[in-house]
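Participant: Respectively, the protein sequence lines represent chains A and B. Following the numbering used here, the numbering of the first sequence begins with 1 at its first residue and continues without gaps. Following the numbering used here, the numbering of the second sequence begins with 1001 at its first residue and continues without gaps.
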Amino acid sequence: MSILVLAEHHNGQLAAGTAHVVGAARAIGGDIDLLVAGENVGSVAEAAARLDGVARVRVADNTAYAHQLAEPLADLLVALADEYSHVLAAASTEGKNVLPRVAALKDVSQISEILGVESADTFTRPIYAGNAIATVQSSDPLKVITVRTTAFDAVSEGGAASIEALDYIADSARSRFIGEELAQSERPELSGARVVISGGRGMGNGDNFKLLDGIADKLGAAVGASRAAVDAGFVPNDMQVGQTGKIVAPDLYIAVGISGAIQHLAGMKDSKVIVAINKDDDAPIFQVADYGLVGDLFEILPELEQKL
Amino acid sequence: MKVLVAVKRVIDYNVKIRVKADHSDVDLTNVKMAMNPFCEIAVEEAVRLKEKGVASEIVAVTVGPKAAQEQLRTALALGADRAIHVETDERVESLTVAKLLKGVVDEEKPDLVILGKQAIDTDNNQTGQMLAALTDMGQGTFASEVAFGEGVEAGEVRVTREIDGGLQTVALKLPAVVTTDLRLNEPRYAKLPDIMKAKKKPLETKTPEALGVAVSSGLTLLKVETPAERKGGVKVGSVDELIDKLKNEAKVL
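#1: Which full runs of the alpha helix (DSSP H) of 4+ residues lie inside the stretch 1062 to 1118 of chain B, going along the chain?
#2: Between B/Thr1122 and chain A, is the shortest Cβ-Cβ distance under 8 Å, so that the two count as touching?
#3: Please report whether the beta-carbon of A/Asp282 lies at a distance below 8 Å from any beta-carbon of chain B.
#4: Nearest to A/Gly337 by alpha carbon, out of A/Ala165, A/Ser226 and A/Asn62?
#5: For A/Ile114 and chain B, any beta-carbon pair shorter than 8 Å?
#6: Please decide whether B/Gln1069 counts as near chain A, where near means a Cβ-Cβ distance under 8 Å.
#7: Since A/Asp140 meets chain B, which of its residues come closer than 9 Å, beta carbon to beta carbon?
#8: What residue range is occupied by the uninterrupted alpha helix (DSSP H) comprising A/Leu105?
#9: For A/Ala216, report the span of its beta strand (DSSP E) as first-last.
#10: Since I believe B/Ala1077 is in contact with B/Asp1194 (beta carbons under 8 Å), could you give me their beta-carbon distance rounded to a whole number of angstroms?
#11: Could you tell me which residues DSSP pairs with B/Val1157 in its beta bridges?
#12: Which parts of the stretch 145 to 227 of chain A are runs of the beta strand (DSSP E), unbroken and 3 residues or longer, counting only runs that do not cross its ends?
#13: So, helix, strand or coil for B/Gln1126, using DSSP?
#14: Say whether the stretch 39 to 57 of chain A touches the stretch 1 to 18 of chain A, bearing in mind that this needs 3 or more beta-carbon pairs closer than 8 Å, one atom from each stretch.
#15: Any chance you could list the alpha helix (DSSP H) runs of at least 4 consecutive residues sitting entirely within the stretch 6 to 56 of chain A, in chain order?
#16: Put A/Tyr253 into one of helix, strand or coil per three-state DSSP.
#17: Could you name the residues of the stretch 200 to 214 of chain A whose beta carbon sits closer than 7 Å to any beta carbon of chain B, in the order they occur along the chain?
#18: Does the contact criterion of 3 or more C-beta pairs under 8 Å hold for the stretch 253 to 269 of chain A versus the stretch 277 to 288 of chain A?
#19: When DSSP builds the beta bridges, which residues end up paired with A/Pro126?
#20: Any beta carbon from chain A within less than 8 Å of B/Phe1142's own beta carbon?
#21: Using only the alpha-carbon positions, how far apart do B/Ala1034 and B/Gln1069 sit?
#22: Say yes only if the C-beta of A/Tyr253 is nearer than 7 Å to one or more non-hydrogen atoms of the ligand FAD, and no if none qualify.
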């Protein structure tokens, strides 16, 4: 078996999720290659080569891949796919954008967002917002898989894979990059943070999310939100934790003013320790929280920030 | 401009699911079904494009059993002009659905295809991307804005996409595929007179065979289980007690 992992990177940095995808590849077993595609990605390739268990880093450094658009990236992956039994990527917005395209072009099914590896062709994955876990077996010659990164441990660094340049240039006539607006934050990324503090509709408005910031700073936490808070326009969608947003599994998850709708629980119920702060004693969030504190968040949050 | 909108019949999002006793699948007997929420957003976007004069015709399509015609009637009530039902009782995977939709695209030749980004039953998030690949179209997935006209070149659509960490904007050559994210729009409800009118709108049924697609699957569903239930913990009485528990009991601070 041989596995190709699509490395993800942003601003010249290898994304933390890639080490988790390599972890999933190791659970499958076989030789593991990493594909780094982008423009001026030399430093990313070097970081990728240090990941344990990686045999070879294949680098496609070309303007055609500058913004990881799905169309050229899928063409590149398809050009390489015949050398592999598995193609893996993170179940991030990038992996979800690109991999189904690869699967369709290779005429195979895709297995989305795996949680576990039973064998080289059998995997577990969440369905119905994580309210059921399906075990699926693939009989396709090529397995195209996206990986829920929080379900697999990251491999450590210490490897020294070889780096090889690819000269395949994909056609990029179908789509054109116009621009990007990325949230600037000093805080850790939601999906990889050790502590996450999220606010819900109970926060009342967007300004009140500042009450979470001080606590997040003290704990080195990322700040998230429920879909209700996003729908109400309090905060942008990239902060959303849930079935339709980000899936997180930090050591500590603090849910503030969040009632605990199924679709929110789907995004955070694998957290190690859950704390819920809510004024409604009957809120469903308390059924999954390890520690619940009933009360007015506008009194509790300043006190918590001060005492931490 | 012709717009094709794909919709899927799924379990109503408010329903709590049950796994069958034999673990073969989720039990859908006597369960309330509805249009997938992301598909509602897709229909709404198509209707808005027509209201703006950008779209001239909206064709709704679904793949599924006879009962899925209910969701096509909903799409017609919301503003689609006609509907196509690709009828099959088989469990169809994303790749098969994409192949069937390609068959419809080849016949209908739409300028834009809009789909939901994922269905809330299988949570696959694949069909739109696969359809784009099979038809060799560009794709604008997880769209929060779909723009034509001012500032957008003729023969293109500009799509703003929800990506990890923010937004990305791309221009796609038409015909193109767009998949909807939550913030694209807020779907309207169908009005009673429109529901009545929808019953008279044309609905055509096709078979997978007529579209030249074999309903097959590379995946076997071995079993479906309920995930380990998370047990609720304790209520604490104060911020001090909470900090103490997190430090000394859970050891996460």
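We treat Cβ as the ideally placed atom computed from N, Cα and C, and that holds for glycine. Since the model is a prediction, treat every value here as computed from it, not as a measurement.
Facilitator: Concretely, from the data shown:
#1: 1069 to 1078 and 1094 to 1108
#2: yes
#3: no
#4: Outside the shown range of chain A, which is 1 to 308, sits residue 337 of chain A, and nothing can be said about it.
#5: no
#6: no
#7: Gly1218 and Leu1219
#8: Thr93 to Leu105
#9: Segment Lys210 to Leu219 is the alpha helix (DSSP H) holding A/Ala216; no beta strand (DSSP E) there.
#10: 5 Å
#11: B/Leu1172
#12: 162 to 165, 175 to 182, 195 to 199 and 222 to 225
#13: coil
#14: yes
#15: 17 to 28 and 42 to 49
#16: strand
#17: none
#18: yes
#19: A/Ile133
#20: yes
#21: 11 Å
#22: Of the ligands one can find in the structure shown there are none, so the ligand FAD has no counterpart to examine.
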